[in-house]
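Report on the following structure.
In the working numbering, the protein residues as written are 84 to 689.
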């Protein structure tokens, strides 16, 4: 039997999954073959399993670099619940706990060890992991190593030195969020040579996308959350004060809401995070201080009361919804003040000129997404270099924007791009369209072009929006590492030659009522009747009691999807329960009896 065949067996017996998710088998096969692997996969696609399963299959110690103690602890508890020998070394552990884990490493009985990069920088840790004790090194949230990443962490720069110190073992790097610039930087920082690069898409089709100009932010958010009563969700706000205000608004409307931001005492933040992770139906109102490593699978919605910092942050933040694969909703509301504030933050930041330039391009890409004339998912995926058909699961696909013919404007803008060699950014092109003979235009002789001054019927902001909309519709592409230069795509060439048309939005940044995707997260791919819903509540109650007794998040016992399937199928024996999604042999033995008893009692009482 080959190693990948053993992996399939352990996938079922340990994790309770009947088949791999898309992309997992290719990654796991490469890891088991001893290759260095860089995997980019969407949030919720099972990245962690890609390095956990090989550790179970072929033994040895897999060291996982992880950025947060809370995340490490939850991962370890989840693995221990599956019967996997796992541990984490960190400063929050009691000394005797760290000694126990170190002894297990020395004895060769530990399969997976989580540690923060700061811990791995210590000489004693490197000595512990050396001497042939480590089989492979996995870097979770690998974007943290890149200066272009949305959450760059200098301590991640030590990983390369660690790898050398423990014997240049095979390296696996995984992330959900990395554009072209970030990917190239990760490869340069972590790998001695080109790794096996596996980029398995960025699409999260179960997440409904919606954006709307700000009208009445309080009303828009409350209306959105009202459709998700009793569900877990995250509301991101630009400031600490707005977190507090929106949490109060939500509580007044009858929701359970907690606050999380850097201005709170560490203990208060920890309590808020624990309540959100361990309880059902809690909404956390947070700044960007909250989120990385939040491995809660049943978040049913993510809302932004203000514009996110850039398109990578937006993708990362909405990606915290629907990690269980069931439908989830998002809403982002934005206004001119948000855009102005985000631009000020970039200019006033401590980044280098190069970093600021990249961040400006990323913010512009997000604004283009806000202003997209058609399917938002097409616009979002185009940023990451992917194409897709109209999704049918965003507000624009649901008919949420008025469009007008913009073919003439598109041809003017793209003619300016083509005639300048597709080497210039937005502001230079707009200057040409408006007939502005500034120094740079004169330097390149662009005042002599036929397109010079052909766009005086529109103002500068309108031309900026038209270019963003062309980008959002994938008719032009931008190289964010080359000063934001614009180039025509194949469809853009067709429009320029008169072989295609372009529809553009008429309503950009004009306040209007809330727009949201019509598809609700309340609908799942598992149909539950009224009685099934009652049983589901009973199963959730049992799960909550068991999780509290073990001091673990509820999803460590079973995720929502498993409980929904149990409520629908109603297995009457452990053998029948073993076929339910997410029920492996260890969890069946540990928890199965009580769940079967609850199901039988419910049927008997009915």
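All residues carry an ideal CB built from backbone N, CA and C; glycine is no exception.
For clarity, every value in this text was computed on a predicted model and none was experimentally measured.
Beta-carbon proximity check, residue i vs residue j, cutoff 8 Å
i           : j           : result
residue 80  : residue 248 : Because the chain here runs from 84 to 689, residue 80 falls outside it and cannot be looked at.
residue 285 : residue 535 : no
residue 616 : residue 588 : no
residue 140 : residue 115 : yes
residue 681 : residue 621 : yes
residue 287 : residue 410 : no
residue 647 : residue 654 : no
residue 317 : residue 351 : no
residue 144 : residue 217 : yes
residue 308 : residue 333 : yes
residue 416 : residue 295 : yes
residue 261 : residue 269 : yes
residue 394 : residue 448 : yes
residue 162 : residue 202 : no
residue 572 : residue 548 : no
residue 159 : residue 221 : no
residue 512 : residue 496 : yes
residue 434 : residue 586 : no
residue 97  : residue 667 : yes
residue 111 : residue 87  : yes
residue 133 : residue 95  : no
residue 388 : residue 450 : no
Nearest-angstrom beta carbon gap, residue j and residue i [assumed within contact, 8 Å]
i           : j           : result
residue 568 : residue 508 : 6 Å
residue 636 : residue 310 : At roughly 25 Å, the Cβ-Cβ gap does not stay under 8 Å, so residue 636 and residue 310 are not in contact.
residue 120 : residue 281 : 7 Å
residue 382 : residue 405 : 7 Å
residue 319 : residue 253 : Not confirmed; about 37 Å, so no contact.
residue 355 : residue 455 : The Cβ separation is near 34 Å, so there is no contact.
residue 123 : residue 266 : 7 Å
residue 516 : residue 537 : 6 Å
residue 402 : residue 259 : 6 Å
residue 642 : residue 380 : 5 Å
residue 407 : residue 644 : 5 Å
DSSP three-state assignment for residue i, whether helix, strand or coil
i           : result
residue 458 : coil
residue 474 : coil
residue 253 : coil
residue 576 : helix
residue 155 : helix
residue 561 : strand
residue 448 : helix
residue 208 : helix
residue 586 : strand
residue 503 : coil
residue 602 : Since pLDDT at residue 602 reaches only 37, below the 50 mark, its modelled position is unreliable, and no value is offered.
residue 258 : strand
residue 282 : strand
residue 101 : coil
residue 341 : strand
residue 93  : helix
residue 642 : coil
residue 316 : strand
residue 172 : strand
residue 88  : helix
residue 666 : coil
Residue environment, residue i, which counts as buried when at least 16 other CB atoms sit within 10 Å
i           : result
residue 215 : exposed
residue 533 : exposed
residue 271 : exposed
residue 399 : buried
residue 324 : exposed
residue 473 : exposed
residue 525 : exposed
residue 430 : exposed
residue 105 : exposed
residue 656 : exposed
residue 100 : buried
residue 189 : exposed
residue 676 : exposed
residue 606 : Model confidence at residue 606 stands at a pLDDT of 35, short of 50, so the residue's coordinates are unreliable and nothing is read from them.
residue 491 : exposed
residue 689 : Residue confidence is low: residue 689 scores 46 on pLDDT, short of 50, so the model does not pin down where it sits. No coordinate-derived value is stated.
Contact test: residue i Cβ vs the ligand SAM heavy atom, cutoff 7 Å
i           : result
residue 237 : This structure does not include the ligand SAM; it has no bound ligands of any sort.
> Would the segment 177-190 and the segment 224-231 be scored as touching if the rule is three or more Cβ pairs under 8 Å?
Replying inline: In short, these stretches do not touch, since the Cβ pair count stays below three.
>> Does the segment 334-351 come into contact with the segment 412-427, if we say contact requires no fewer than three beta-carbon pairs (one atom in each stretch) closer than 8 Å?
In response: Three or more beta-carbon pairs separated by less than 8 Å are not found between the segment 334-351 and the segment 412-427, which leaves the two stretches without contact.
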